[in-house]
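First up is the structure itself, then whatever we jot down about it.
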Amino acid sequence: MMKASRYNHIIWRRNLPQLLYNSWHHRFLELDNAQSAVYGGLSLPLTYNLINQKDPSVAKLVADLDKMEFLIDDNRDELKQIEVLSHLHRFDRSRLELWINPTTRCDQNCPGCPYQDSRSDLTAPALEKIFRLISGRTPGLKQLRINWWGGQPALAWKMVLDFDKKLAELARQFGFEYSYRTISSGGGPANRLTALSRENELYLNIESVDLNNLPAAPVVLLGDIAGILKKIDKLPPRSRIRFIKNIPGGKLCRNVNHLCHSAPNLEDEEVGDINRLLEAGFTVENLPRPKLVSCQATDPQSFIIDAAGNSYRCWDDLGGPKKMLPEDTDDPMAPQNFRWLDWDPYHEAHCRMCNILPWCLGGCRARPPDADCSQWHYALREMLSLAAAAKKKGA
């Protein structure tokens, strides 16, 4: 006997077939009226055996539902499987992700910039410390991702290029793969950001980047919904977009403020605005998708490093002396680490029952639990409709 996945959702679409969606595997299946009725019968234990599964059309539907894991073996514990896969991913020391701020120098003069009176570059000792963190994972390191972030990382690009040369040599010696991403305001200096030994994916702020002169690299445009819509007619075809708050935080550059959020805070009119972007063929990068860790703060293999060389887990901790990690960044008993390592949504009653757990995996630990949960649930129907719209456009 089989059962419906607890992570299945029906997406109702006017004058279109219903869409079955699974929030763990991020799969979709169209169902006509007859198929929808059959699925409804199969998904309930009381009516499962009343469905004639020898009927060819029913048998094909059951096979499709089984293959795509909308129907699963009755003994399968999906929650436990997600928990195991998540733990394997979190504690896999063959991967490492670093978020490094090479400089607080910038030419944007954003109102409220927390670095307005404290411009500085990452020092040579701090870079050596970062390099030791990477080399300390060798041999054994297989995947490394470095994210250079700030207002204008390009203003310290010679330092980045020198670091890249050392990294390339280390990678040749130990055989690991590595990649780059740079989060920046854009503008003239952004064209320097491509001269690295590996392709550099660029996250550029739509308020300052020249849309007619984008660098020759993969680009994601950052901005709030209103700011992006103002420039919708100027966006290159099939642009990739990621929503951020786009104002500085207490210790955060505007380019990374809310960058970690994996779903926008939806207001009613914003659903229509995002649909408009999807209909125009643009890809929205931070619509909900399944993941193996709630955020980088609860990922033991991820570190945020500021321009002073201090390491943190969470963006909200940045600049807090009591929140920075100790010299031994891997010490599990250090309070700054343990606070995030004990993350375990699988023992929370509301998470165990949640049918969108793969989207948030316990949510943001820097926010009150009810505030974070409500973000996902009060707009669930709208998020599902946006997922369907993105699927329709192949985004």
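Per our numbering, residue 185 is the first one in the sequence shown, and the count goes up by one each step.
The C-beta atom is built at its ideal place from N, Cα and C for all residues, glycine as well.
Owing to the predicted nature of the structure, the values given are computational and were not obtained by experimental measurement.
Contact check for Gly224 against Gln292 fails: the beta carbons are separated by 8 Å or more. Ile416: not part of any beta strand (DSSP E); DSSP gives it neither H nor E. Between Glu214 and Leu203, the CB-CB gap stays under 8 Å.
Taking Leu230 as reference, the option from Lys187, Ser569, Glu253, Leu272 with the minimal CA-CA separation is Lys187.
Ranking Asp526, His210, Asp417, Ile195 by CA distance to the CA of Ala481 puts Asp526 first. Of the residues assessed, Tyr205 falls on the buried side of the cut-off, its CB having 16 or more other CB atoms within 10 angstroms.
Judged by pairs of C-beta atoms under 8 Å, the region 485-503 touches the region 309-323, as three or more such pairs exist. Gln237 sits in coil when the DSSP states are folded into three classes, being neither helix nor strand. In the DSSP annotation of this structure, Gly407 is not part of any alpha helix (DSSP H); the continuous beta strand (DSSP E) holding it starts and ends at 403-407.
When beta bridges are read from the DSSP output, Gln202 appears opposite Leu215. In its chain, beyond the 5 residues on either side, Cys444, Cys548 have a beta carbon closer than 7 Å to the beta carbon of Cys479. A direct Cα-Cα distance of roughly 30 Å separates Lys349 from Arg424. Judged by DSSP secondary structure, His271 falls within the alpha helix (DSSP H) whose first and last residues are 262-274. Taking every protein chain shown into account, the CB of Thr513 has 16 or more other CB atoms within 10 angstroms, so this residue is buried. Of the residues assessed, Trp196 falls on the exposed side of the cut-off, its CB having fewer than 16 other CB atoms within 10 angstroms. With contacts defined as CB atoms closer than 8 Å, Phe487 and Trp332 fail to qualify as a contacting pair. Nearest to Ser363 by alpha-carbon distance, out of Asn396, Ser369, Pro516, Pro402, is Pro402.
Considering only Arg551, Ala550, Tyr530, the residue with the shortest C-alpha distance to Leu541 is Tyr530.
For Phe427 and Gln219, the gap between their C-alpha atoms comes out near 37 Å.
Counted as a single uninterrupted DSSP element, the alpha helix (DSSP H) harbouring Ala533 occupies residues 533-536. Our two residues, Leu354 and Leu471, have alpha carbons roughly 36 Å apart in a direct line. Beta bridge pairing from DSSP links Glu253 with no other residue. Among the bridge pairs identified by DSSP, Gln300 is matched with none. Excluding its 5 nearest sequence neighbours in each direction, Gly371 has C-beta neighbours in its own chain below 8 Å: Asp291, Gln292, Gln336, Ser392, Val393, Asp394, listed in chain order. Look at Ile367 here: in three-state DSSP terms it is strand. Apart from sequence neighbours up to five positions away, no residue of its chain approaches Leu398 with a beta-carbon distance below 6 Å.
In this structure, the beta-carbon distance from Arg211 to Met252 falls below 8 Å.
When rounded, the separation of the alpha-carbon atoms in Trp560 and Arg376 is 39 Å. Contact between the region 252-266 and the region 297-306 is absent, with fewer than three C-beta pairs closer than 8 Å. Straight through space, the alpha carbons of Cys544 and Tyr562 are spaced by roughly 14 Å.
The C-beta distance from Ala491 to Pro201 rounds to 53 Å, too long to fall under 8 Å, and the pair is not in contact. Looking only at Ala447, Cys297, Gly324, the smallest Cα-Cα distance to Cys557 is reached by Ala447. Annotation for Leu419: no residue places its beta carbon closer than 6 Å to its own, counting only its chain and skipping 5 residues before and after. In the structure shown, Leu306 adopts coil according to DSSP, grouped into three states.
Per DSSP, Leu476 is not a residue of any beta strand (DSSP E), being assigned neither H nor E. Around the beta carbon of Met508, 16 or more other beta carbons sit within 10 angstroms, so the residue counts as buried.
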